[in-house]
Amino acid sequence: MSGFRVDLAELQRVVDAAGATQRELDAALDRVAARVARLDATWTGAAADAHDQAHARWAAAYEEMRGALADLRTAAGVAHDRYEAAVASNLAAWGAVR
C-alpha cells in the first residue's frame, strides 16, 4: 500500500480557487482594456506605437497564462472526479464483501 492520499475537499477548493482567480483576472483585463482604449483615443506617435506593441505582447502572454490556468483547473477537476469515482467504487466493492 502506498502512502499516497488525496483530500477530495481540498482538491475541490483548488478547482474553485482556479475558477475564482480566472474571473478576477478577466475582470482586471477588462479594466486594463478600458484604460488602454481611452489612452488610444488620445495618444499618437512613436510612443503610442511602442505602447501598442508592448500591450500586444502583454495580451498574448495573458492569453497563454489564461490557457494554462484553464488547463490546471480542468486537470484538477478531472482528477477530483476520478478520485471520487474510485472512492465510490471501492466503497461499493467493500460493501459487497460484507
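Per our numbering, the very first residue in the sequence shown carries number 103; after that it's consecutive.
Glycine residues also receive a C-beta, built at the ideal position from the N, C-alpha and C atoms.
Predicted model, so just to flag it, every value in this text is computed and none were measured.
Q: For Val117, count neighbouring C-beta atoms within 10 Å of its own C-beta (all shown protein chains included) and say buried if the count is 16 or more, exposed if not.
A: Mapped onto the sequence shown, residue 117 falls at position 15. When all chains shown are included, Val117 counts as buried.
Q: Have a look at Ala149, Ala135, Asp183 and flag the residue whose alpha-carbon is nearest the alpha-carbon of Tyr164.
A: The count along the sequence shown starts at 1 and reaches residue 164 at position 62. If we check each option's Cα against that of Tyr164, Ala135 comes out closest.
Q.
Starting from Gly169, trace the alpha helix (DSSP H) in both directions and tell me its first and last residue.
A. Stepping through the sequence shown from its first residue, residue 169 is reached at position 67. 148-199 is the extent of the alpha helix (DSSP H) around Gly169.
Q: Could you work out which residue in Leu113, Val138, Ala161 is closest to Ala150 when comparing CA atoms only?
A: Residue 150 sits at position 48 when you count from the first residue of the sequence shown. With distances taken between Cα atoms, Ala150 lies closest to Val138.
Q: Determine the direct distance from the alpha carbon of Val108 to that of Ala152, and round the result to whole angstroms.
A: As a first step, residue 152 is located in the sequence shown; it is residue number 50 there, counting from the start. As a first step, residue 108 is located in the sequence shown; it is residue number 6 there, counting from the start. Near 49 Å, if we compare the C-alpha coordinates of Val108 and Ala152.
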